[in-house]
Each structure stands twice: as structure tokens, then as C-alpha cells.
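Enquirer: Chains as they are written, first to last, in this note's numbering: chain A, 158 to 389; chain B, 158 to 389; chain C, 158 to 389; chain D, 158 to 389; chain E, 158 to 389; chain F, 158 to 389. Virtual Cβ for every residue (Gly too), placed ideally from N, Cα, C. Bear in mind the structure is a predicted one, so any value in this text is a computation, not a measurement.
Protein chains: 6
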Amino acid sequence: MKLAIINPNSTESMTQKCKEVALKFKNNDTEIWASNPENSPKSIEGHYDEVKSLAGLMEEIKKAKDWGADAYVIACFDDPGLEAARELAEGPVIGICEAAMHMTTILASSFSVVTTLNRSVPIIEELSHKYGMSKFCRKVRAANIPVLSLEDGTCNAKQKIEKEILKAVEEDNCEAIILGCAGMADLTIELSQKCNIPVVDGVLCALKMAESLVGAKLKTSKINAYSYPIVK
Amino acid sequence: MKLAIINPNSTESMTQKCKEVALKFKNNDTEIWASNPENSPKSIEGHYDEVKSLAGLMEEIKKAKDWGADAYVIACFDDPGLEAARELAEGPVIGICEAAMHMTTILASSFSVVTTLNRSVPIIEELSHKYGMSKFCRKVRAANIPVLSLEDGTCNAKQKIEKEILKAVEEDNCEAIILGCAGMADLTIELSQKCNIPVVDGVLCALKMAESLVGAKLKTSKINAYSYPIVK
Amino acid sequence: MKLAIINPNSTESMTQKCKEVALKFKNNDTEIWASNPENSPKSIEGHYDEVKSLAGLMEEIKKAKDWGADAYVIACFDDPGLEAARELAEGPVIGICEAAMHMTTILASSFSVVTTLNRSVPIIEELSHKYGMSKFCRKVRAANIPVLSLEDGTCNAKQKIEKEILKAVEEDNCEAIILGCAGMADLTIELSQKCNIPVVDGVLCALKMAESLVGAKLKTSKINAYSYPIVK
Amino acid sequence: MKLAIINPNSTESMTQKCKEVALKFKNNDTEIWASNPENSPKSIEGHYDEVKSLAGLMEEIKKAKDWGADAYVIACFDDPGLEAARELAEGPVIGICEAAMHMTTILASSFSVVTTLNRSVPIIEELSHKYGMSKFCRKVRAANIPVLSLEDGTCNAKQKIEKEILKAVEEDNCEAIILGCAGMADLTIELSQKCNIPVVDGVLCALKMAESLVGAKLKTSKINAYSYPIVK
Amino acid sequence: MKLAIINPNSTESMTQKCKEVALKFKNNDTEIWASNPENSPKSIEGHYDEVKSLAGLMEEIKKAKDWGADAYVIACFDDPGLEAARELAEGPVIGICEAAMHMTTILASSFSVVTTLNRSVPIIEELSHKYGMSKFCRKVRAANIPVLSLEDGTCNAKQKIEKEILKAVEEDNCEAIILGCAGMADLTIELSQKCNIPVVDGVLCALKMAESLVGAKLKTSKINAYSYPIVK
Amino acid sequence: MKLAIINPNSTESMTQKCKEVALKFKNNDTEIWASNPENSPKSIEGHYDEVKSLAGLMEEIKKAKDWGADAYVIACFDDPGLEAARELAEGPVIGICEAAMHMTTILASSFSVVTTLNRSVPIIEELSHKYGMSKFCRKVRAANIPVLSLEDGTCNAKQKIEKEILKAVEEDNCEAIILGCAGMADLTIELSQKCNIPVVDGVLCALKMAESLVGAKLKTSKINAYSYPIVK
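1. Would residue 323(C) pass as a contact of residue 314(C) if the rule is Cβ separation under 7 Å?
2. Taking only the alpha-carbon atoms, compute the straight-line gap between residue 229(A) and residue 242(F) and give it to the nearest angstrom.
3. Around the C-beta of residue 375(C), are 16 or more other C-beta atoms found within 10 angstroms, so that it is buried, or is it exposed?
4. Tell me the rounded alpha-carbon separation between residue 385(A) and residue 341(C).
5. Mind reading off the beta-carbon distance from residue 189(C) to residue 214(C)? Whole number of angstroms is fine, and I expect it under 8 Å.
6. Does the beta-carbon of residue 196(C) have 16 or more other beta-carbons within 10 angstroms, so that it is buried, or is it exposed?
7. At a CB-CB cut-off below 7 Å, which residues of chain F make contact with residue 330(D)?
8. Is it the case that the Cβ atoms of residue 271(E) and residue 300(E) are separated by a distance below 7 Å?
9. Do we get a CB-CB distance below 7 Å when we pair residue 288(D) with the residues of chain C?
10. Whole-angstrom Cβ separation of residue 368(A) and residue 378(F), contact assumed at under 8 Å?
11. Flag this pair as yes or no: are the beta carbons of residue 267(E) and residue 293(E) separated by less than 7 Å?
12. Which of helix, strand or coil does DSSP assign to residue 272(D)?
13. Could you please give the first and the last residue of the uninterrupted alpha helix (DSSP H) stretch that includes residue 367(C)?
14. At least one CB of chain F closer than 7 Å to the CB of residue 237(E): is that the case?
15. Roughly how many angstroms lie between the CA atoms of residue 161(D) and residue 202(E), to the nearest whole one?
16. Anything in the segment 257 to 284 of chain B with a Cβ closer than 8 Å to a Cβ of chain D? List those residues in chain order, please.
17. With 16 other CB atoms within 10 Å as the buried threshold, where does residue 371(E) fall?
18. Whole angstroms is fine: what's the gap from residue 183(B)'s alpha carbon to residue 164(C)'s?
19. Quick one: using the 10 Å Cβ neighbour count with 16 as the cut-off for buried, is residue 248(E) buried or exposed?
20. Around the Cβ of residue 311(E), are there at least 16 other Cβ atoms within 10 angstroms (buried) or fewer (exposed)?
21. Kindly list, in the order they appear in chain C, the residues whose Cβ is closer than 7 Å to that of residue 409(B).
22. Would you call residue 283(F) buried or exposed, if buried means 16 or more other Cβ atoms sit within 10 Å of its Cβ?
23. At 4 residues or longer, what runs of the alpha helix (DSSP H) sit wholly inside the segment 232 to 300 of chain E?
24. Which bits of chain E does residue 320(A) rub up against, with CB to CB less than 9 Å?
25. Just tell me which of 349(B), 259(B), 288(B) has its CA closest to the CA of residue 365(B).
26. Going by other Cβ atoms of all chains shown within 10 Å of its Cβ, with 16 needed for buried, is residue 225(F) buried or exposed?
27. Can you confirm whether residue 221(E), when its beta carbon is compared against all beta carbons of chain D, has any partner nearer than 7 Å?
28. Using a Cβ-Cβ cutoff of 9 Å, what residues of the segment 174 to 208 of chain E are near chain D? List them in chain order.
29. Please report the straight-line C-alpha distance between residue 361(D) and residue 220(C), rounded to a whole angstrom.
30. In whole angstroms, give me the CA-to-CA distance for residue 169(D) and residue 176(D).
31. For the candidate residues 173(D), 337(D), 211(D), 351(D), whose alpha-carbon lies nearest to that of residue 303(D)?
32. Could you name the residues of the segment 289 to 314 of chain D whose beta carbon sits closer than 9 Å to any beta carbon of chain F, in the order they occur along the chain?
33. Over what stretch of residues does the alpha helix (DSSP H) that includes residue 207(B) continue unbroken?
34. Of the choices 244(C), 193(C), 206(C), whose alpha-carbon is the least far from that of residue 265(B)?
35. What are the residues that DSSP puts in a beta bridge with residue 159(E)?
36. Distance cutoff 7 Å, beta carbons only. Does residue 387(A) sit that close to anything in chain H?
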């Protein structure tokens, strides 16, 4: 199968990080295409950044479709443009927050999310409502780090995330942690061992969910919500 | 006060219709600015059309802010770009679906929505969840008319809407009807009389809600969710 | 338009305070009628006080109707008698808790409420469920002050409220504060500046919501829930 | 134990009917006191009638307390004044809608309610939300009979109720029926046999729930919500 | 009436404790049958222990039915096998968690649960959702004691429970406590007095609920969910 | 990876059918182990049948663990014993209802379920609540066929299912169909084409979800809910 992973922001190192995770965990016969728009914000921190990323993101979806993608992963934890992309595509389109939340409920009776900035907390809380997952989501926490500090290694990003996970373990009565940013995709194993709790990354979850759906020969329903855009 | 009403699609006759409703119902000291993006879809029918409208919509929000707007109405029943616009603006930003749903719960213990196309039904249902209004929303119904038929008078649009309202009255046990499209803003009085049930339009509701919030000297909270976009 | 503001308790200074807020913020063409029953409890602190206020409250609604009221505000944060008053009246009847909660969700993704006594906390929590607002309500907090201490200046009422707001800001991850008592209507501006968070008062919100609904020519639906009382 | 059953309306034949049900089903050592206010509406049909009944209802609660009541049943399916009565009393206060809904969930995975008038439907729906029972409540239906027709035998009341139950059985996928009016308390056995589904009456349920709570030596919590009214 | 109380674990001292509570609080004409399976786990601590208890539990239900039971109490706070037992029996089958939660909402606007081990917390939280009681349940807390320590007097079980109740009173804003284990059935009076809050036990609640339902001549609905098992 | 698929009933032809679906859709490197208990009911139709299957099901889980299973699928749409099996196992344990519901929400904004018998409808509705999926589940429908008629070809099972799907398409406003029985696993492609709507089978979904979780190196959290059973 051919899988397109699209990072909606324009930071190529994040796109590469997602690609590396995918290459490491993908099935043998999965071909990976990873891209990002050029004219998108450097990072997605809030609703406006989401909006600014959408035109480019849609273009990448179209390019991926031309490439022959069987499924699409949108690699930003706010899951921007998910439903619009589903209208464009026939193959399944998977958000990384969505995939992580659904899959984690199979492993644990509850989870907390650790994301980057406080401003992303209400966005992720709203996603948990939208996906029916609020019942399982103990708390959405911010480590108070800018997204790009995950790339440039400033701000002691990893230490702050670890500290926030340990607080979640102590205070939230949660049984798993979801990392709330595509830029954290490379940290799961280390953090899981250090903090002694399953730590789940959405990029990896979405990759596997995409392989699952394609493997099951399932496609986006074209009845109502995700029917093709009307040509105008 | 200065109120910007922004129609996210590019059909000027709809913008004018919204403006006329506003001019007819506004407070004396409310100054109306009505606009639409030029490069937006002709109508917003589904998630992809929403996404296509957002860049232009944000530009209009910025123009309105430069004009000195005290509040902003986004005149499309899908409430596209609402949260992103709130990040940009200091004055309140009001969606027409949002305003109609909130205000109707003060007048009636339940309502049904009559919108244009089936593909918009799940979008509006999701909005009712997002706003905490699903408890009051009996049913979202489609009259099966394209948005633009409301402008060009084809399809017997008005008759189809009336028929769907009468079905709602008979089947849904609802106490009010909300019209689920900005293009229906001029139909409320006639339909309310014909169908013998309060018929609520979101453009009008959002206009008055905007005047209310500005009159109460209330502004968008800049803590977390709607804080200003981070400059990159 | 003619707006009746009815304080269900019998403390005239609270009625006056509500009237002053209304006179300060009302539209030019809004005429204010403020009253309270004579034989009502001095303050409404709990369900029994609510019940004791209702007969007098209904009489005031009737008097206001005779006066020609276009809309009615019930100025007690427990929103007593709201639905019964809607049966009596044709013009909209607005509760101050209701108005504050609905309008605040347009300005902020979440809020906490600061009220007077602990016994009012479950009442307000239940209202948040009833209005579909529990999703937005982070916490209902009590400043542990009797309602009348807001009138006689005892108990350091203002300082206690301020302290509780600051705790909410620190602990609740909320983006706005709603003051949970009509007797706090004069404190919003000062507290908002001191605590650096939007502070919302229900009396003001209900005033503006009333003007909105009347301005939009919307009236209480007389289908089922709020149909006129059956004469016996 | 001493049990007070208070019918909030002033129709003595309904009070007698409730008393007869209680005398027939009570434990041996339960002493029944049945009363109604004199100055209450003849029947409770809507929120305003509820409000009109409350002052008298509270007086009856006080009289019952003087009599030495161990528990109190409020015999109207709208459960008016429940929380206020709990503030006054130390012994448990039980609503008949409340008791019927809770107890029915032990017997059936879902139920529908058949009440008198359409205007009572939203009231009972709201009660189902308040009690956490909306998940079990398939539908609230009205037989379109005035409350008093249950007393005077007009309107073919019994036939209309039976017909509505049969519709519920056919359309609602429910496993039990709750009768939504104290005036229907004498109909359960006949209707249950005719319609071949458990038919539950709230007066009987509340009687038994009262005996249960007193038998378990449980009393109303005086922490916060139901603490004694503050003397003014 | 004849009431069967079945302790699903094989610790006879717990069965006896339940029986003693029942004998102390039962109605005069209630005959008590208390039993437990022989081949069940010594205590039910988690889902697997539940599963291991079910075959024996079903046998006890059948024996009790042969004995002529009018109702059945399953005396384990996880309410194992409740629905399956309802299929077997005609008389009502009551879970102790279920009974305690329903009855407590009549006495208090909210409660917290204090159970034995952390692993039982998500089980009880899920039950609160299942019964529609999550709205009333402030928190499920574990005293961190093995179930059997309640029998053998080790671990300072009683002190740990008391300490956890006091934490709930201080932190949870709750108005009643439910003890989350059948083995705590003898502690309610002492703990209620010491901690100054109503403390509710499920065994006692289920006993009285059983007497109520039988007294009201109500039986399990045999439509759909709890219809008799299909013979194979 | 090594995947155990356990059919909790004792009908081997159903086990074979599940195995065939798995062999057809599995990844190349997935090894399939399919089994069923010998002493289980022939089919699972209701809660009691579930209970009767659990002891054998747990034994199969243990055997599969000894075989070295990396993940486990419980192939009955009631998802019996899911949580207990998670306590026993380290590898993920997936229910077929669970997997189907989660995965379908990625493809469609809503679904209806078509199952065998009416008595299974409330069981599946309750599962949809438990998994947070009730928001997406339009309706659970029964085709009124015994489970085993899917094996022996009696009752026109396939035609009845097709008819019920077409009713769902017409009446439920759903965008996908989930087949609510493991015995329907071979029907998806044919029904999907005939009824022109995505038709989803839980066995296939659970297979792919299992491969996903193992591929992502995710295991059951051993904190609280699913920690290993305590040895007694």
C-alpha cells in the first residue's frame, strides 16, 4: 500500500521525524510518502495557525492522491482539515490525535495527554469530545514548551515533558500517556521506560491505523458528511 | 458600535441579503460593514468548501479590524473559522449557528434545524455537540436544495423549506425552528406565520448577540484558547 | 422597548443595584422597570428560599406584563421560576445564570463560577447541566459569604471574591469568571482588572440578551413547554 | 414508620387514590398520612401550576414534620418542590417520577413514559436528564388527556393511555412503561396485563422507596445542597 | 417475601457479615437466604476475579430460585453477573453498587465512593456511567486495602477507610459517602458518626430495594434484554 | 506476529469462518491461531450465554498465551470477557464490536449496527456507551435471525440482513453499517455492493487493529484496570 504522511506545518525536520518513525514501524509492503506545504506556518500553535496551514495541506492531499495514495495521515495533533481531506480522498484519512485516542482505549481504561503549550489544551479537550473520547481522557496537560523547541533542542523540552508525565502519573489516576504533538514522535520508548507507563505517539498510531483500514479494504464513506466536494 | 458581517462565500447577493437583515434590525448606533472574500467558493456546502473559504475569511477579519470593528459576525451556518478569528480579534466573534442555538433555548425547550443539503446535516449536528446544544436539538433536517437556489429562485426553495418545517412540527415534537443557512435570512417572518411556530435566523441572532456583547463591554478572553496568534 | 428586571428577594438595595447596572448599560430606547416582591426572603440562599420567593415573583411578572413589558429578567443567579414565568409571558424571560453562561461561551472556551455560599454550588452545577453548559463550566466555587454581606459591606465580601477568583485562575485552567450572584453586579470591572481575566455578570448579560431577543422580534414559543397556563 | 404522602394539587380524590394505593401496598408497620394543600391548583399541568402549588406543598411538609413523619412522598409526576422539601425535612423526601425511573432501571434496560398532556413532555424529559436517567428513557409520550379526566372518567382516559402504551411497545423498543401522572396510580395492573409489559406507577415506587430508606436508617444529607434553610 | 443474598466470592465470613446486616435491617416478613459459591475466588479484586466467580454465582441464583426466592441481591460492589442473573430469574435482581448509587441520589446531590484497591476504581467509575450516575459521583477513591483485610483485621483497614472518607469530605465537595465493598457493610454507623457525613452501604441498600420491588409486585421485564436464556 | 482469534461459543464452523476471514486479510507475517472452548454455548444470544462462555474463553486465552500470542481477538460482537482477558494477557486484547466501532468513525460520521436478535440490541447499545461511541451510533437494529441460522443457512438470514440494512439506509441517516455478529464476517463485500454503503465487519477490524497495536509495539497497560490478577 501507498501511504501519504502530511505534516501541515512547514518545518521539514518534523516531516523527516515523522517519516523516520513511519519507516521504522511500517509493514514491509507499505510505501511512505512524507511531505509538508511550503507556505505553511513553521509550527501549529492554535486555531489560527491551523487555518493558515489548510490551503497547503489540501494541496498536499491532492498531490498524494495523484501519487496514488491508498491512505493519508495528517501529522499534527490538532487534526486540522481532517474532514475536508476526507471529502477529497477516497482512501481513509487519519488524524494523529484521533488514532492515538482510539487505540489507547484498547490498552488502558484512561489516559492523560501531554502537549506543548497551554493554548493547545482546549483544542485537544474539544477533540476528545468530538471523538467521543472525553470519558477516557483524564486530563490534557501542557509542558509549556514551544513546538519548535522539540526540533532545536532548546528549553529542555524532553525534561519538561518527562516531568509533566510524572505529574500525570501521580495526580491523574491515568493508565497511559498520549504525547500531544507530532514533534514528540521519537520520544515514546525512552519516556515510557523512564516513567513506567505506556506512552503513545499519534504518528505511529495513525500509520498503523492507516495500514489497518487499507488492509481491511475499507474506504471513506461517500454518503453525506464526506461526499466529494461539489464542483463550482 | 461598528459591526463587521463577513459572508465567507463569494456570492455578493448573499452578503447583501445579510446586510439588509442587519440594517433592518440593528440598533440605531450600530454601523454595519458587510463583506465577503473574492476568491472563496460561491457557496459553502461541506467541509472542503469551508476550508477553501478560510484564507479569504481571515483577510476580511483583518480588514474589518483595521476598519475598527467592535465585533464580527461570520455569516455561514457552519460557523467556519470561528476560533481562528477569535485569536485575531479582540472584539467578540459570533457564529450564526452558535447565536441561533443559544438564543433559541431561551425561547423554547427544544428546536429542529432546517438546512439546505444532506451533507450539511452531520456538520450541524457536530456543532450542536460542540456548543452543548445537542440536548435541545431534536433533529437537523435538509430541505434538499443547493445553497445558491436560495439566490436564484430555482428549485422551489422556499416551498421545500416550508414543507420540511411542517414535517418537523409534525414529527419532531420541537417548539421552534432554526433556519440552517445564511441565505434563508429573509424568510423567517413569512415562514413563522405560515407554519405557526417561531422560526429563527442565525444572521439576525448573531447581529443582536454582537450588539449585546459590545454593549456589555465584553471582549474575547485572551487566556489560552483565543490568545493572539504567535508571530512566526 | 420596555424591560422588567425582577429581583425575587425583598432586599431593595439589590434591586437598586441591578437597576443601576441596567441604566448604565442599556440601549437608549430601553425603558427599565425594576421591582421585587415585598414578602419574599431577604436573600435567596438555597432551594427553600427560591420556593418562598416564587409567589411574589409571579405577581411581579404579572404586574410587569400589565405595564407592557417586552421582556423580563429574573435577577437571581439560581434562575428561580424561569419556566413558569415563560408560561405567563409572551415576551422573552431571561435568567441571569442562563444569560451569563451562554454569552461567556462566545468569549472563552471555559469558565468558572464564583458564588456566595457552598449550598448554592450544587444548584448552579445543576443549572449548568440543564442549560447544556457543563462542558464549559470548569468549577463552581463559593467565596463563603452570605448574600447580604454584599449589601452591608461586612465579611470582606469583595476581598473574598477576589481571592476565590485568583484561586480559579490558578487551579481551574479557566478563561473567564462568571459572578454567581446578582448582588455582585457592580464588581465586574474592578475584579476583571485586578485579576486579569474577563469577569462576567449575569444581570448585565440578561439585560443585553433581553434587548437582543426583543430587537430580533423573537418571543417565547407557545408550543408545549411554555404555553399559557391552563385556566382552572 | 410514619409516611406522609402529599399531593401538591387540591383535588382530594387524587389524594385518596394515592392513599388507597399506599394502604394496599405498604408494610404492616407503616402509618400513612395523606394530604393536599387547599389553595393549590386543581391539577398540575405545566410549570406555572407547579409554582402555584409550592407554598401549600411546603406547609403540608411542615405539618407532616410536626406529625412526626419519617419520610415524605411528593405525589405529582413533575416532582415539584423536591429539593426545597429536602431542606425542610430530615427524613428522606421522594419524588414519584424519581422513584419510578430509578426503580425501573433495575427491572428493564429501557423504558418509555406515558403522561397526560404534551406540555408535560419536556418537563419529564428534563427530569430524566436531572436524575441521570435519560440514557434509559426511550421516549416521553402524551396520551392527550387533561389530568382531571383521570378523576371524572371523561375523555376515555384509560383507553387513550392504553393506546399510547401499545404505540410505545411497538415503536420505542422499550422494555417497561412508566405512567407519568399520580392520577394513574390505580391503572398499573390492568394495563400491564392488557399490554403485556411491566407498567410502573410512581406513587407505589415512592412509597416503597420511602420505606426502604427509613428501614435502612438513611436520612437526607445536611451538607450543602439540602442543609436546613437559613433563618432570616 | 423470600430474599436470596449471594456473595459471589467464597469467603464465608463475608457472606455471614452480609447476612447479619440483612437480619438486622430486614422487614419482619422477609426470609433471608445467604450463600456463596464454593469454587469462587476468596475475594473479587478485578475483572478476572469477577469472571472466575460467575459460574458459581449463576448456580447459586438457580438454587435460590428453586428455594423460591422472590428477589436476589448480588453482594459484591462490582455487580458481577447482574444482567445474566436477571435473565435466569423472574424476581428482581439487585446489585449493591447499583442500589447504593440510586438510593444515595435521593439523599444527597453528590457522593464519593471509597473502595478497597486502586484496580477497582475504574470498574466502579464504569458502573457509575452504566447506571447514569456519573453526574452524581464526585470521585471513586481507594483506601488501598486488600478485600480480605476487612475480614482478618489486618492492615488497619478501618482506619484507612476513615482517613479516605475524611479526605473525600475535604477535597471532593461531596454530600455522602458510599462504601465500595460488601465487606464494609458493618462499618456505616461508626464511620458516619466519626466523619459527620451519611455513609451508605450497598448490601443494606440492595436488601431494602429488593423488599421494595417485591412489595410493589414488580418483576424483571422479560422483553428483550432480560428475557429468559434460549435453551440450546 | 502471532495472533489468537478466540470464538467464545462452541460452534466450530463460526471459528473457521473467522479464521478464513483472518487468513484472507492478514499481513504476510501474521500467524493465525483460531479456537473456541468446547463447553461453551453453541451461540451467544444474551447475557447468560456470555457468562456461560467465559470460563472456557479464559482457558483459551491462557492456551493462546502459552502458544506465544502477541495479541488476542475475542470474536463475539458482545465483546464478552474483554477486560478480564486484558488482565491475563500482556499483548493487546481486542473486541470485535469495539474495533468495528472505533474504526468506522474514521470512515463515516455515523453508523447503524445490524445484529441478529432483539435481545442483543440493548447489549450493543450499552457497549456503544461504554466505548464512547453512542454519539456516532444512529441505531442498533435486529434482523430477527438466530445466530446459528447464519451457519445452517436457514431463515433466509442473508436476505433479512440485507433488508434491515436497506431500512437503516433509508431511515437512520447513517453513513456506514456495522454487522453485529461474528457469524456475518463473510458477508461484507456482497452486502456493501448490494446496499451501496460501506459494510464493516468486526472480525476483520479486530484482526487489523491487533496487527496495528503489535506493529506499534503497544501493550496492555498494567496500571490499575488491567493489572495482572492477584494470585489467591
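Expert: Here's the rundown:
1. no
2. 33 Å
3. buried
4. Their Cα atoms are separated by approximately 53 Å.
5. That pair is no contact at about 18 Å.
6. exposed
7. 278
8. Remark: C-beta atoms of residue 271(E) and residue 300(E) approach each other more closely than 7 Å.
9. No - not a single Cβ of chain C is within 7 Å of the one on residue 288(D).
10. So it is not a contact: roughly 23 Å between Cβ atoms.
11. Taking 7 Å as the Cβ cut-off, residue 267(E) and residue 293(E) qualify as a contacting pair.
12. For residue 272(D), the three-state secondary structure derived from DSSP is strand.
13. 359 to 372
14. False, the Cβ-Cβ gap to chain F never drops below 7 Å.
15. 43 Å
16. So the close ones are 266, 267.
17. buried
18. 29 Å
19. buried
20. exposed
21. Past the boundaries of the shown model lies residue 409(B); chain B is included only from 158 to 389, so the question cannot be answered.
22. buried
23. 239 to 245, 253 to 261, 278 to 287
24. By Cβ distance, chain E contributes nothing, its closest Cβ being about 23 Å from residue 320(A), past 9 Å.
25. When C-alpha distances from residue 365(B) are compared across 349(B), 259(B), 288(B), the shortest belongs to 259(B).
26. exposed
27. Chain D, which has no Cβ nearer than 7 Å to the Cβ of residue 221(E), makes this no.
28. 182, 183, 184, 185, 186
29. Rounded to the nearest whole angstrom, the C-alpha separation of residue 361(D) and residue 220(C) is 41 Å.
30. 10 Å
31. 337(D)
32. Interface annotation for the segment 289 to 314 of chain D against chain F: 292, criterion Cβ-Cβ distance under 9 Å.
33. 204 to 224
34. 244(C)
35. 188(E)
36. This model lacks chain H altogether; the protein chains it does include are A, B, C, D, E and F.
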